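Everything in the sequence shown is counted per our numbering, starting at 11 for the first residue and increasing by one. For every residue, glycine included, the Cβ atom is placed at its ideal position computed from N, Cα and C. Since the structure is predicted, the reported quantities are computational estimates derived from the model, not experimental observations.
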Amino acid sequence: MLHIARFCTFLCAVLVLAPTASAAERGTADEAIALVHKAGDYLKANGKDKLIAEVNNPQGQFRDRDLYISVSDMKGLNLAHAVNPKLVGKDLIDLRDGEGKYFVRERLEGLKKQNSVWVNYIFVNPTNKQLEHKSMYTERYGDIAISCGIYKP
11 MLHIARFCTF
21 LCAVLVLAPT
31 ASAAERGTAD
41 EAIALVHKAG
51 DYLKANGKDK
61 LIAEVNNPQG
71 QFRDRDLYIS
81 VSDMKGLNLA
91 HAVNPKLVGK
101 DLIDLRDGEG
111 KYFVRERLEG
121 LKKQNSVWVN
131 YIFVNPTNKQ
141 LEHKSMYTER
151 YGDIAISCGI
161 YKP
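Here it is, written out as structure tokens:
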């Protein structure tokens with residue numbers, strides 16, 4: 011009987027702690043904002059060309075778990091992407107998510123009215139290759155937009 015009780019205690023602990031461990035692998039909204047601010051500080055200290063090079067560097071400092079920086083101009087041209095180099099140099103203004111939402115347009119329209127925006131959409135999580143709900147935080151720095159999103163299971 012004691013073994014069954016211990017096993018039940020162990021199983022309960024695993025079930026309670028498992029979601030916490032999984033959540034720890036995902037970036038938070040505060041961490042996404044902090045990574046955008048870090049990229050903004052890097053831009054101010056080093057200039058746009060060096061920021062773009064650092065974001066596009068596969069071993070660069072603007073990637074953390076499922077958090078990563080992307081940089082675009084204010085017309086939707088992708089200048090840098092920390093996890094998908096195929097997007098660099100592409101005009102993404104007409105990109106739609108899995109539900110047909112023009113999320114790049116929404117992001118840039120929001121930045122015309124205020125210096126930062128959150129936009130919700132569906133996108134592929136690079137860590138598990140699954141379509142997931144995502145919230146993207148973006149700040150405008152002059153003629154560019156610096157973004158980082160969080161994935162929500």
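Query raised in the report: What three-state label does DSSP hand A31 in the structure shown?
Result: In this prediction, A31 scores a pLDDT of 33, lower than 50, which makes its location untrustworthy; no coordinate-derived value is stated.
**Report entry** Selected residue, minimal CA-CA separation from Q69, among Y131, P136, A92
**Finding:** A92
Report task. With a 10 Å radius around its C-beta and 16 neighbouring C-beta atoms as the bar for buried, classify G141 as buried or exposed. Result -> This sequence places Leu at residue 141; Gly is not what is there. Answer is exposed; the Cβ neighbour count stays below 16.
Report task. Buried or exposed for M146, please, with buried defined as at least 16 other CB atoms from any protein chain shown within 10 angstroms of its CB. Result -> buried
Report task. Measure the C-alpha to C-alpha separation of T137 and N67 and round it to an integer number of angstroms. Result -> 18 Å
Report task. Would you decide whether G108 is buried or exposed? Buried here means 16 or more other CB atoms lie within 10 Å of its CB. Result -> exposed
Report task. Taking K85 as the reference, give the member of E116, K162, T38 with the closest Cα. Result -> E116
Query raised in the report: For I79, which option in K162, K123, H47, V127 has the closest C-alpha, if you only look at C-alpha atoms?
Result: H47
Query raised in the report: Which class does R36 belong to by DSSP, given the choice of helix, strand or coil?
Result: coil
Query raised in the report: Could you give the distance in angstroms between the alpha-carbon of A44 and the alpha-carbon of G159?
Result: 11 Å
Report task. Measure the Cβ-Cβ separation of L105 and V114 and say whether it is below 8 Å. Result -> yes
Query - 8 Å Cβ shell around L50 - same chain, five flanking residues per side excluded - result: Correcting the residue type first, residue 50 is Gly in the shown sequence and not Leu. Only E149, Y151, I156 meet the Cβ criterion.
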